[in-house]
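Data block below; observations after.
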Amino acid sequence: MKTAIIGGGASGLMLANMLGCEYTVIEKADRVGKKLLATGNGKCNLTNLAISPSGYNLPDEVAPFLKRFSPEKTVELFNSLGLLTTVKEDGKVYPFSECASTVLNVLRKNIKNITLSDGAVKIEKTSVGYKIFLESGKTLTAQNVVLCSGSPASGGFSAVELYKRFGHNSFTFKPSLCPVLTDKESVKGLNGIRVKASLHFGDTAQTGEILFKEYGLSGIASFNVSSLIARGNTGDMYIDFLPQLSYDEAKTVTENYSGIFHTKVHERLCERAKASNKELYEVCKKYGVTYIKNADFSLSQVCCGGLDILQFDENLESRLSKGLFAAGEALNVDGVCGGYNLQWAWSSALAVSQKINSI
Ligand SMILES: Cc1cc2nc3c(=O)[nH]c(=O)nc-3n(C[C@H](O)[C@H](O)[C@H](O)COP(=O)(O)OP(=O)(O)OC[C@H]3O[C@@H](n4cnc5c(N)ncnc54)[C@H](O)[C@@H]3O)c2cc1C
Numbered sequence: 001m002k003t004a005i006i007g008g009g010a011s012g013l014m015l016a017n018m019l020g021c022e023y024t025v026i027e028k029a030d031r032v033g034k035k036l037l038a039t040g041n042g043k044c045n046l047t048n049l050a051i052s053p054s055g056y057n058l059p060d061e062v063a064p065f066l067k068r069f070s071p072e073k074t075v076e077l078f079n080s081l082g083l084l085t086t087v088k089e090d091g092k093v094y095p096f097s098e099c100a101s102t103v104l105n106v107l108r109k110n111i112k113n114i115t116l117s118d119g120a121v122k123i124e125k126t127s128v129g130y131k132i133f134l135e136s137g138k139t140l141t142a143q144n145v146v147l148c149s150g151s152p153a154s155g156g157f158s159a160v161e162l163y164k165r166f167g168h169n170s171f172t173f174k175p176s177l178c179p180v181l182t183d184k185e186s187v188k189g190l191n192g193i194r195v196k197a198s199l200h201f202g203d204t205a206q207t208g209e210i211l212f213k214e215y216g217l218s219g220i221a222s223f224n225v226s227s228l229i230a231r232g233n234t235g236d237m238y239i240d241f242l243p244q245l246s247y248d249e250a251k252t253v254t255e256n257y258s259g260i261f262h263t264k265v266h267e268r269l270c271e272r273a274k275a276s277n278k279e280l281y282e283v284c285k286k287y288g289v290t291y292i293k294n295a296d297f298s299l300s301q302v303c304c305g306g307l308d309i310l311q312f313d314e315n316l317e318s319r320l321s322k323g324l325f326a327a328g329e330a331l332n333v334d335g336v337c338g339g340y341n342l343q344w345a346w347s348s349a350l351a352v353s354q355k356i357n358s359i
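Written out as structure tokens, the structure reads:
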């Protein structure tokens, strides 16, 4: 066997499609691509034409991969695999069907050699390559091994430990792109309400949907803030409910109009204004929220953490043990919402395929 791919998710399936050599996909779950089916609320936001390296935790490391394997190339590639795509707001790309299973179907239709329900538990170096030990007790040998095992986010697993014996370091996985747990008072009476607002955190602001939960804040703006928290950033958090208006404009509007806010949001803002002895416009422009921590892995879309990318070369081959590769979330790369994480899965898998196909 030339190549063993550990993990049949986004990066592993893309890699299998791109390899021009003998390979096998080893998958721990009872089917491939489970996480893909849940992406983009079941619609799969597969990339973003307006992608910027600054949306990732390691912009300088990710930029060369995005340049070589760009979102435009991703679209061309999926089109060549037979998937019709469509571009939505802010450059986000989806399958035309807006159905994630159609993405999974094109990715798996040409893959023949898959072992299901049997995870890799150990890898040993041999004189000609690597020996991989599976949960079932079976073993297989391969010249190259590619770790495409993703992260523990949303029911996934961590397999980065498999590379430790080869000297690879990994950063502890932490939940990211997930709800943020906050104090109870800030979200009192608001469970289930969605607003378009700006969520400020430290000196950053994320404008978009905030979904109030009884335990805190969800929605895209909160998810993007959670990735900053996961990366160790700290700062004060507040919501600007009228980000399009200045303080003076907000004062005029709130003093002269009703129907600006959902009734329950209005009640909450009035309660806060009364308790803090402030005007309504001041509270709605700067509604302080005390965050406690990010939600757990089960509610996270990705993880911050994974194998140190600096120990891999420009084709994601290990600098420590030739023939070992990694792609996707198994590496310590994570991006914001909007197609960034799948684009990393595709770009990293393509980089690996380029090297293996050249050997
Ligand atoms: C609810 C949800 C919505 C999302 N929406 C989007 C979106 O719209 N756009 C976007 O860009 N990103 C989205 N993401 C993130 C995106 O799905 C992931 O970043 C991407 O799937 C990572 O690809 P991967 O190949 O690294 O890992 P995965 O796709 O998670 O695949 C890893 C595979 O490896 C297998 N595995 C793990 N350990 C072993 C082992 N020891 N042996 C064998 N197999 C193993 C796992 O079972 C899994 O099948 C979303 C994630 C979630 C959870």
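Residue numbers (my numbering): 1 to 359.
For every residue, glycine included, the Cβ atom is placed at its ideal position computed from N, Cα and C.
{"Asked": "Flag this pair as touching only if the region 319-339 and the region 209-218 have three or more C-beta atom pairs under 8 angstroms; answer yes or no.", "Found": "no"}
{"Asked": "Name the two residues that bound the continuous alpha helix (DSSP H) containing I220.", "Found": "220-230"}
{"Asked": "How many Å lie between S54 and E72 at the Cα?", "Found": "18 angstroms"}
{"Asked": "Judging by CA-CA distance, which residue of L13, G338, W346 is the nearest neighbour of E76?", "Found": "W346"}
{"Asked": "Give me the Cβ distance between A273 and L15, rounded to the nearest whole Å; I'm assuming they're in contact under 8 angstroms.", "Found": "Actually they do not touch by this definition, with Cβ atoms about 55 angstroms apart."}
{"Asked": "Given the structure, does E255 come close to ligand 3, in the sense that its CB is under 8 angstroms from one of the ligand's heavy atoms?", "Found": "Ligand 3 is not among the ligands present in this structure, which contains only ligand 1."}
{"Asked": "Decide yes or no for the touch test of the region 23-42 against the region 99-117: beta carbon pairs closer than 8 angstroms, at least 3 of them.", "Found": "yes"}
{"Asked": "Just to confirm, does N45 get its C-beta within under 8 angstroms of one of the non-hydrogen atoms of ligand 1?", "Found": "yes"}
{"Asked": "Compute the minimum distance between the beta carbon of A142 and the heavy atoms of ligand 1, and state whether it is under 8 angstroms.", "Found": "no"}
{"Asked": "Using the C-alpha atoms, what's the distance from C99 back to L307?", "Found": "31 angstroms"}
{"Asked": "Between C81 and M18, what straight-line distance do the alpha-carbon atoms span, to the nearest angstrom?", "Found": "The displayed chain sequence assigns Leu, not Cys, to residue 81. Their Cα atoms are separated by approximately 11 angstroms."}
{"Asked": "Alpha carbon to alpha carbon, what distance is there between G20 and N79?", "Found": "19 angstroms"}
{"Asked": "Spatial neighbours of T115 within its chain, please: CB distance less than 6 angstroms, with the 5 preceding and 5 following residues excluded, ordered by chain position.", "Found": "I26"}
{"Asked": "Considering only heavy atoms of ligand 1, does any lie closer than 8 angstroms to the CB of Y130?", "Found": "no"}
{"Asked": "In chain order, what residues of the same chain have a beta carbon less than 8 angstroms from the beta carbon of A250, not counting five sequence neighbours either side?", "Found": "L242, Y281, C284, K285"}
{"Asked": "Give the list of continuous alpha helix (DSSP H) stretches no shorter than 4 residues that lie fully inside the region 228-255.", "Found": "none"}
{"Asked": "Which value, in whole angstroms, describes the spacing of the CA atoms of I193 and E209?", "Found": "10 angstroms"}
{"Asked": "Using the Cβ count rule (16 or more neighbours within 10 Å means buried), how would you classify F173?", "Found": "buried"}
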